[in-house]
Amino acid sequence: MFGFMIIRILFLILIGVPVTVFAQSKWVPSAVRVGVDLYDIVLTTVKSNRTIYEFNADVDFHKYFFSFDYGIFEGSESNVIYDYSSKGYFWRLGLDINLTPYEKSRSVVFFGLRYAEAAFDDKVQFDFNSYYFGNGRVIRENKDLYATWYEMVMGLKVPIWKFVQLGLTGRMKFGRNMKTSNSLESLLVPGYGRGISRTEFAINYHLFFRIPFRNKPIPPKPERKKAAVEAATQSVN
Amino acid sequence: MIIQFVDSLGVPKNEILTITSAASDSILVTANQITTQFNLPLDPFRDNVTYLVTQSGIENWITLGYRNAVFINSDECGPEFVFSDLAIWGTSYDSVRLVNTRILEGIDVNVRIYDY
């Protein structure tokens, strides 16, 4: 019985001490932010040939954010010549650095990198007249296509009311890799944009809800920087 | 896609022949053309084409395979066929050579037929 108690105490010390230290650490997350892309909702409402919903979430670790996005996409392009449609989903995973960690309003300007993947099907059909090979309807289809790419992102998240925040993210998408079938070069890749482009740019407008689960004080600006600023101010004066 | 006829030394050779497509029966080259090479269309509905070559009453054939992808560059241009990765699937000729697998319209010779 006594031995069991000693083991239990040792266990609590061994586990408890790091947990306590970690709990006080600046690396412990303080809030989860979840949101939606407002522009996609507007686009889905206004344009009949687009259905896009994108959900975003991030969690803070010190001055970094671990970020995850998930979206569904259904789009079509058609004119008198052809009908093209694409349907699938995408996700992004990445890390952002908070460039304004000392901002008292908790507004965030961030820079980050993402890895992204999309899985989708697409199809095109059109009538074609060939002088030598006759006339016919061409139907080309890709099933279970898969694309990956990277993104460099920069943006801001600004509190507007209590836990509600607005966000803006600019994205440069690059390094697209896509396993296409032999029959159709994809026109629309969910989450990426035009499949033929090697680089794509996009802007997202987000509505976020910040859900705090512990009070994380705004860190004071480092003294050295403060002193350097004061010294610089004095020398200017 | 360009087919060139050469002699045993590899020197381009003038030919008078008729080339038809096996799938559509269309005449692609008529016998009144005298030239060393022929720019032939690929079948946009399939991933292979068989050409029937009639020369002095003798018929030969050659079947070529290729990647046939549809590519939409913009709304204005609409869909385009992009042919690539040319290969010789079969032939009745004794000696043929795939010179170039890239298909650039009217630029490079793709297939050389050694016609003795």
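Note that the protein sequences, when read in sequence, are chains Y and R.
For the first sequence, counting from 1, position 36 maps to 45 in our numbering; every step adds exactly one.
For the second sequence, counting from 1, position 104 maps to 971 in our numbering; every step adds exactly one.
The beta-carbon is built from N, C-alpha and C at its ideal position, and this holds for glycine as well.
These numbers were taken from a predicted model, which means no experiment stands behind them.
Cβ shell of residue i (< 8 Å), same chain only, five flanking positions each side left out
i: F11/Y; result: Because F11/Y carries a pLDDT of 49, less than 50, the predicted location of this residue cannot be relied on, and the following value inherits that uncertainty. Counting only Cβ-Cβ distances below 8 Å, and skipping sequence neighbours, we find nothing.
i: V839/R; result: Residue 839/R cannot be examined here, being either before or after the span of chain R that is shown, 868 to 983.
i: L52/Y; result: R59, I61
i: E947/R; result: V937, F938, I939, N940
i: Y201/Y; result: F99, A125, A127, A156, W158, K182, R185, E209
i: N915/R; result: T930, L931, G932, Y933, W956
DSSP-derived helix/strand/coil call for residue i
i: V30/Y; result: Here V30/Y scores only 48 on pLDDT, less than 50, and its place in the model should not be relied on; the value that follows carries that caveat. Of the three classes helix, strand and coil, the one that applies to V30/Y here is helix, per DSSP.
i: L21/Y; result: Confidence in L21/Y is poor, its pLDDT being 49 and thus under 50, which makes the residue's placement unreliable; the coordinate value appears in the next sentence. Looking at L21/Y - three-state DSSP - the assignment turns out to be helix.
i: L884/R; result: coil
i: L108/Y; result: coil
i: L196/Y; result: coil
Classification of residue i by the beta-carbon crowding that lies within 10 angstroms, buried from 16 upward
i: W170/Y; result: exposed
i: T178/Y; result: buried
i: T887/R; result: buried
i: L193/Y; result: buried
i: L895/R; result: buried
i: I929/R; result: buried
i: K166/Y; result: buried
i: Y933/R; result: buried
i: G957/R; result: exposed
i: N191/Y; result: exposed
i: D987/R; result: Here chain R covers residues 868 to 983 and nothing more, so residue 987/R does not appear.
i: L154/Y; result: buried
i: N224/Y; result: exposed
i: N107/Y; result: buried
i: V30/Y; result: Residue placement at V30/Y is poorly supported in this model, since its pLDDT is 48, which falls under 50; the coordinates still yield a value, given next. Exposed, since its Cβ has fewer than 16 Cβ neighbours within 10 Å.
Close Cβ partners of residue i (< 7 Å) along its chain, the five nearest in sequence each way excluded
i: V41/Y; result: A66, V68, I220
i: A851/R; result: Summary: the structure shown does not reach residue 851/R, with chain R confined to residues 868 through 983, and so no result is reported for it.
i: L23/Y; result: Confidence in L23/Y is poor, its pLDDT being 45 and thus under 50, which makes the residue's placement unreliable; the coordinate value appears in the next sentence. Nothing meets the Cβ criterion.
Whether residue i touches residue j by CB criterion (9 Å)
i: Y981/R; j: G877/R; result: yes
i: R964/R; j: V978/R; result: yes
i: G164/Y; j: L216/Y; result: no
i: K96/Y; j: P228/Y; result: no
i: K132/Y; j: S94/Y; result: yes
Same chain, Cβ closer than 6 Å to residue i, neighbours up to 5 away in sequence not counted
i: A211/Y; result: R180
i: D92/Y; result: Q134
i: G44/Y; result: N65, H215, L216, F217
i: A889/R; result: T917, L919
- Query: Residue ranges of each beta strand (DSSP E) run of no fewer than 3 residues wholly in the region 891 to 926 of chain R, ordered along the chain?
  - Reply: As far as the region 891 to 926 of chain R is concerned, its whole beta strand (DSSP E) runs of at least 3 residues are 894 to 896, 904 to 906, 915 to 922.
- Return the chain-ordered ranges of every beta strand (DSSP E) run that is complete within the region 932 to 982 of chain R and spans a minimum of 3 residues. Runs found: 946 to 958, 963 to 965, 978 to 981.
- Message: Going residue by residue through the region 125 to 186 of chain Y, where are the continuous alpha helix (DSSP H) segments of at least 4 residues, counting only ones entirely within it?
- Response: Taken in chain order, the complete alpha helix (DSSP H) segments of 4 or more residues contained in the region 125 to 186 of chain Y number zero; there are none.
- Minimum length 3: unbroken beta strand (DSSP E) runs contained in the region 36 to 122 of chain Y: Under the rule that a run must span 3 or more residues, the beta strand (DSSP E) segments found entirely inside the region 36 to 122 of chain Y read 40 to 46, 59 to 70, 73 to 87, 91 to 107.
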